[in-house]
Each structure stands twice: as C-alpha cells, then as structure tokens.
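Some notes on the structure that comes next.
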Amino acid sequence: MPTKSLEKKETLPAKDLRSLSQKNLLEKLSQNEKLAIIMNDEIKAALLSWNKYEQMVDRIEFLNAQVEELQSEREDHQLNERYGEAAAKAEENATTSYGIKEIDNIFFKGSKKNE
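Taking our numbering, the leading residue of the sequence shown gets 9, the next gets one more, and so forth.
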C-alpha cells in the first residue's frame, strides 16, 4: 500500500513529462509504487500503476462496507438498550396492532358532530 512519504527517486518535475517517453514513464512506475509530480516547487499530482489504484479502491470499498456494518450493529445495540424487547419485536414484525371499528369515534369524540 502506498505511503505518504516520498523519496527523491519518487518525484518527477512536471517539465520532465514533456521529454519522457511512455516506456521510461512505465519503467519509473514499475520501479516505484508512486510518482509525485512537482509543479512550482509543490507536489500537485501522483501517478500510480493501475493495479495499485485498483487495490486501493477495492480496499476503500471493503472498509466502507465494514463501517456501514458496524454502524448498523451499533444502532441495533443502542435500540436494544433503549427499547429492549419492543425493538426486537419490531424487527421480527411481531408488534401488536390495534384496530378501530368506526373512524368517527376517534376523530370526532367530544366534538360538535357527536352532539
């Protein structure tokens, strides 16, 4: 896995890209995990082999999936601590439901309509 630290051989002035052949560039990449492109005395870009890039993306996707799973487990644990058995029943869809016979008894109780 690439690191943030650089050695001198892993840097390349941007102006050298104009005169560097594709073969030489690929050779430099095969000799180093990464190449830092320097413009105006600052690192502005990094070059990685495609294989290394894919490995990094795969690792990020794997870690993101793990984070989501841990967050879900944490939420389940918090719900269980707060609501205990009610949360477990809700997940199992074993909650109790209540029915009503007439809608008027619910919304109009005590209103002028019933009078």
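The beta carbon of each residue, even a glycine, is placed where N, CA and C say it ideally should be.
If you keep only unbroken alpha helix (DSSP H) runs of at least 4 residues inside the segment 31–101, you get 58–91 and 93–99. When C-alpha distances from Lys17 are compared across Asp66, Glu35, Trp58 and Asn59, the shortest belongs to Glu35. A check of alpha carbon separations from Met64 across Glu110, Lys42, Glu89 and Ala98 identifies Lys42 as the nearest. Assigned with DSSP and collapsed to three states, Leu25 falls in helix.
At the C-beta level, Ile46 and Pro21 come within 7 Å of one another.
Of Ala54, Gln30 and Arg67, the smallest CA-CA separation from Lys12 is found for Ala54. Pairing Arg26 with Val75, the inter-Cα distance amounts to about 43 Å. The Cβ atoms of Leu71 and Ala44 do not sit closer than 7 Å to each other.
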